[in-house]
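Chains as they are written, first to last, in the working numbering: chain R, 31 to 167; chain U, 1375 to 1484.
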């Protein structure tokens, strides 16, 4: 499934519904679908908020493919070069007073995926994510 | 995402429903922050929440900090398993009070 998404935060609702449909039509469990939704939501939100600095309308791609044991997700945008995986993880042990919210979305995406890689290819940011469909992973 | 609130013997109870993602977090923030501004004891029940992203957790963190600053108490209750997992993954289960049921959350105030 290929989704063309505008850099508008309201698009997240549509992306959510499309992924739900994808999960249903591909027999993906609700638990695994939740993980896929969260990964795509967090990474797509990041692109919408930070990838474009020219105030123009942009479209980026979200590709989902299911194989027997995994779902491959690919996000491609023509925004400024940015590797979200380089962002440091939040300190999940800090106190309520000191706790900061920054970086939590990317951290979730890393935690929920089996593999996540970034590449800058032909002036585009490309994130490839593999989500295992085995229940224990 | 919808929010309903209720008052019960001095406790403010917030019931959000649906999903809290980036596009709905703003409404969630307004609803929660307005409601807790004049309450000492607050319970947020997650029983009707299907999904919460980091944008939603940000609002819960703000609410937790606000309640701590006014020496009030915030309890979270009735989380579906996947929602609870998100709180655990973020480490929020260590800095916020999470109870399996509404009754336990309420009892924690006495």
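We treat Cβ as the ideally placed atom computed from N, Cα and C, and that holds for glycine.
Selection from the options that minimises the alpha carbon distance to residue i
i, options, result
"residue 1484 (chain U)", "U:1383, U:1403, U:1444, U:1376", "U:1383"
"residue 132 (chain R)", "R:113, R:141, R:121", "R:121"
"residue 102 (chain R)", "R:162, R:166, R:115, R:64", "R:162"
"residue 1461 (chain U)", "U:1409, U:1376, U:1428", "U:1428"
"residue 1453 (chain U)", "U:1419, U:1411, U:1469", "U:1419"
"residue 1463 (chain U)", "R:48, R:65, R:55", "R:65"
"residue 89 (chain R)", "R:160, R:128, R:32, R:119", "R:32"
"residue 84 (chain R)", "R:72, R:92, R:110", "R:110"
"residue 1465 (chain U)", "R:107, R:126, R:155", "R:126"
"residue 1445 (chain U)", "U:1413, U:1426, U:1381, U:1385", "U:1413"
"residue 40 (chain R)", "U:1376, U:1399, U:1387, U:1405", "U:1399"
"residue 1409 (chain U)", "U:1421, U:1458, U:1433, U:1422", "U:1433"
"residue 1401 (chain U)", "U:1430, U:1438, U:1473", "U:1430"
"residue 119 (chain R)", "R:92, R:55, R:166, R:135", "R:135"
"residue 164 (chain R)", "R:51, R:57, R:137, R:47", "R:57"
"residue 1435 (chain U)", "U:1403, U:1425, U:1379, U:1482", "U:1403"
Through-space distance from residue j to residue i, alpha-carbon basis
i, j, result
"residue 35 (chain R)", "residue 1442 (chain U)", "40 Å"
"residue 1456 (chain U)", "residue 143 (chain R)", "16 Å"
"residue 1396 (chain U)", "residue 98 (chain R)", "31 Å"
"residue 49 (chain R)", "residue 153 (chain R)", "27 Å"
"residue 45 (chain R)", "residue 100 (chain R)", "20 Å"
"residue 113 (chain R)", "residue 1477 (chain U)", "45 Å"
"residue 53 (chain R)", "residue 63 (chain R)", "6 Å"
"residue 159 (chain R)", "residue 1381 (chain U)", "45 Å"
"residue 108 (chain R)", "residue 151 (chain R)", "10 Å"
"residue 1459 (chain U)", "residue 166 (chain R)", "14 Å"
Short Cβ contact (8 Å threshold) for residue i with residue j
i, j, result
"residue 139 (chain R)", "residue 69 (chain R)", "yes"
"residue 115 (chain R)", "residue 146 (chain R)", "yes"
"residue 1475 (chain U)", "residue 1449 (chain U)", "no"
"residue 1394 (chain U)", "residue 129 (chain R)", "no"
"residue 1375 (chain U)", "residue 1391 (chain U)", "yes"
"residue 1385 (chain U)", "residue 1471 (chain U)", "no"
"residue 73 (chain R)", "residue 157 (chain R)", "yes"
"residue 1417 (chain U)", "residue 1387 (chain U)", "yes"
"residue 87 (chain R)", "residue 155 (chain R)", "no"
"residue 1422 (chain U)", "residue 1389 (chain U)", "yes"
Residues bridged to residue i [DSSP beta-bridge criterion]
i, result
"residue 155 (chain R)", "R:107, R:150"
"residue 90 (chain R)", "R:35"
"residue 1393 (chain U)", "U:1425"
Pull out every residue of the segment 1443 to 1460 of chain U whose Cβ sits closer than 7 Å to any Cβ of chain R, in chain order.
1456
For the segment 59 to 80 of chain R, which residues have a beta carbon sitting closer than 7 Å to at least one beta carbon of chain U?
61, 64, 67, 68, 71, 72, 75
The segment 133 to 157 of chain R: which residues have C-beta closer than 7 Å to a C-beta of chain U, in chain order?
134, 135, 138, 141
Output, in sequence order along the chain, the residues in the segment 1424 to 1436 of chain U whose CB is closer than 8 Å to any CB in chain R.
1425, 1427, 1428, 1429, 1431, 1432, 1435
Counting only Cβ-Cβ distances shorter than 8 Å, please list the residues of the segment 1384 to 1396 of chain U near chain B, keeping chain order.
Within the model displayed, chain B is absent; protein chains R and U are what it includes.
Which of the residues in the segment 1468 to 1480 of chain U, read from start to end, lie with their CB under 8 Å from any CB of chain R?
1468, 1469, 1470
Along the segment 107 to 122 of chain R, where does the CB come closer than 7 Å to a CB of chain U? Name the residues.
122
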